[in-house]
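S.K.:
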Amino acid sequence: MRLSYVMLPDHPLSESLEAIRLADRLGFHAAYAADETWHKDLWLLFAAAAGQTENIRFGPNLSPITLREPTLICQAAATLDELTGGRAECVISSGNFGLLAQYGIDWARTKPLSRVKEAHQVMRTFLDDGAITHDGEFYSYNGLFTFARPVQRRLPLKLGAMRGPKSFQAAGELSDGVHHALSYTRNAYEYLVDNVRIGAERAGRDWRDLDIGAWVVFATGHDGEAAKQAARAMVGLYASSMPAEQLRRNDVDPDSLTDIIAAVGAGDLRRAYELTPPELAEKLSVAGTPQECAAKLNREIVPTGVNHLILAVTDAALVEAFSGMRLPGVLGTTDQLQLVHDELAPALDA
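For the sequence shown, the positions run 1 to 350 when my numbering is used.
Here's what the structure looks like:
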């Protein structure tokens, strides 16, 4: 089981770099970051981290092809691959629906899956060949070329997906894997893996060769209750982007989130926290002591065929930045990464 962590790059850059260096020393597979206007630029951050690390991989998780032109994502990823000596990868999707709305884009009118599939085709060609001629529904190029070339023979290109089933099947059929965000039940991940398998088998591929990642809101510490409060403070923000079908697969009634989503939409995350009952936060996060977190992962995710855990580490600084709340007893990112290495990882089932 691979272990990675994903950041919202909102901390002081020196702190983000410190966490990346530690994750590299501890043997984490990858450090990912959200490629969204709301946050600091991940490409510059990872370029700075490239020469300060040896093994850890880097990339967007995810980069929105609705806002970023696919060949420009390839240019950035290939440049990062050269800087890191072949440690870059890329996860793409249509993007965060809330962010798209702030750009005046109605995601439902963008033909999101068709657009993502064509963007993947464009990017795979441009990464592999360094040139493209293409006349498609969404993207057209006539002899476009680049000198930005990856070091890896095949830079991994994966899809980010939440709703399914067609996006899960597309990932199995076309890409190097899928990172599925914000699910926490065995039912949800078995649904993911079953559909990835359908897509892979349709293309004559072995689904077990693909990177199947579980992206989860995460907080840990020896004070398990403090960690759970940290996760609770962020659950409303993340749950507001979950499709109704996905909420149901996680044993959550979409109607129960109406007031929470309204508070998030108004920018009042403190109110969203107050409206989020602890039992809902427990359903929509992995939080608590390392032993509690390992128990949930072993029960709900590890047995399903997922082979990559991607921890969206929530610390006190992140909670304060988003909600203004100061939660005592919540560990910083580096302390949580150390606990994951020392106590959580050894407790995961093989």
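For every residue, glycine included, the Cβ atom is placed at its ideal position computed from N, Cα and C.
Computed from a predicted structure; not experimentally measured.
Are there 16 or more other CB atoms within 10 angstroms of the CB of Q169, so buried, or fewer, so exposed?
M.R.: So Q169 ends up on the buried side.
S.K.: Closest by CA to N96, which one among D10, G324, Y238, R115?
M.R.: Selected option, being the one with the closest Cα: Y238.
S.K.: Buried or exposed: where does T289 fall if 16 or more other Cβ atoms within 10 Å of its Cβ makes it buried?
M.R.: Buried.
S.K.: In angstroms with no decimal places, state the Cα-to-Cα distance between A352 and H29.
M.R.: For residue 352 there is no data in the structure shown, the boundaries of the chain being 1 and 350.
S.K.: Quick test of your reading: S167 and L99, contact by CB under 8 Å. State the CB separation rounded to the nearest angstrom.
M.R.: Not quite, the Cβ-Cβ distance comes to about 18 Å (not below 8 Å), so this is no contact.
S.K.: What do you get for Y5, buried or exposed, if any count of 16 or more other CB atoms within 10 angstroms of its CB means buried?
M.R.: Classification of Y5: buried, given that the 10 Å Cβ count is 16 or more.
S.K.: Can you check whether the CB of L155 is closer than 8 Å to the CB of L351?
M.R.: Coverage of the chain is limited to positions 1 through 350, which leaves residue 351 absent and any answer about it impossible.
S.K.: Would L348 and V302 be called neighbours here (beta carbons separated by less than 8 Å)?
M.R.: Their beta carbons are under 8 Å apart, which means L348 touches V302 by this criterion.
S.K.: Closer than 8 Å by C-beta to E173: which residues in its own chain qualify, once you throw out the five before and the five after it? Chain order, please.
M.R.: The residues are G199, A200, R202, A203, R205.
S.K.: Could you pull out every residue in the same chain whose Cβ sits closer than 7 Å to the Cβ of V122, ignoring the five residues on either side in sequence?
M.R.: Same-chain partners within the cutoff: P70, T71, I132, H134, Y139.
S.K.: Output yes or no for whether 8 Å exceeds the beta carbon distance between E18 and T220.
M.R.: For E18 and T220, no; Cβs fall outside 8 Å.
S.K.: Between which two residues does the beta strand (DSSP E) holding A148 run?
M.R.: That residue, A148, is in no beta strand (DSSP E); it is neither H nor E in DSSP.
S.K.: Are the CB atoms of G85 and V151 nearer to each other than 8 Å?
M.R.: Cβ distance < 8 Å, so G85 and V151 count as in contact.
S.K.: Using three-state DSSP, classify Y32 as helix, strand or coil.
M.R.: Residue state, collapsed to three classes: strand.
S.K.: Based on the DSSP secondary-structure assignment, which residues constitute the bridge partners of L3?
M.R.: In DSSP, L3 forms a bridge with L309.
S.K.: Would you identify the three-state DSSP class for Y139, choosing helix, strand or coil?
M.R.: Coil.
S.K.: What residue from A281, F147, K158, A48 has the CA that sits closest to Q75's CA?
M.R.: Of the listed residues, the one whose Cα sits closest to Q75 is F147.
S.K.: Could you pull out every unbroken alpha helix (DSSP H) segment of at least 4 residues lying fully inside the region 7 to 69, listed in chain order?
M.R.: You should have 13 to 26, 42 to 50.
S.K.: Can you give me the start and stop residues for the alpha helix (DSSP H) that H120 sits inside?
M.R.: Residues 112 to 129.
S.K.: Rounded to whole angstroms, what is the Cα-Cα separation between M7 and A230?
M.R.: Cα to Cα, the separation comes out at about 15 Å.
S.K.: Assess contact between the region 175 to 183 and the region 212 to 219, defined as three or more Cβ pairs (one per stretch) separated by less than 8 Å. Is contact present?
M.R.: Cβ pair count under 8 Å is three or more, so yes.
S.K.: Taking just the CA atoms, how far does E82 sit from N55?
M.R.: N55 and E82: Cα-Cα distance of roughly 14 Å.
S.K.: What runs of the alpha helix (DSSP H), each 4 residues or longer, lie entirely inside the region 286 to 348?
M.R.: Within the region 286 to 348, the complete alpha helix (DSSP H) runs of at least 4 residues are 290 to 300, 316 to 323, 333 to 339.
S.K.: Using a threshold of 8 Å, state whether the C-beta atoms of L159 and H120 are closer than that.
M.R.: Yes.
S.K.: Using CA coordinates, which residue listed in P346, S323, D315, R326 is at the minimum distance from H11?
M.R.: It is D315.
S.K.: Give me the Cα-Cα distance between Q161 and A188, rounded to the nearest whole angstrom.
M.R.: The amino acid at residue 161 is misidentified as Gln; the sequence shows Ala. If you take the alpha carbons of A161 and A188, they lie about 12 Å apart.
S.K.: Could I get the ranges of all uninterrupted beta strand (DSSP E) runs contained in the region 227 to 281, with 3 residues as the minimum, in chain order?
M.R.: Here no run is fully enclosed.
S.K.: Cβ of L26 within 8 Å of Cβ of A33?
M.R.: Taking 8 Å as the Cβ cut-off, L26 and A33 do not qualify as a contacting pair.
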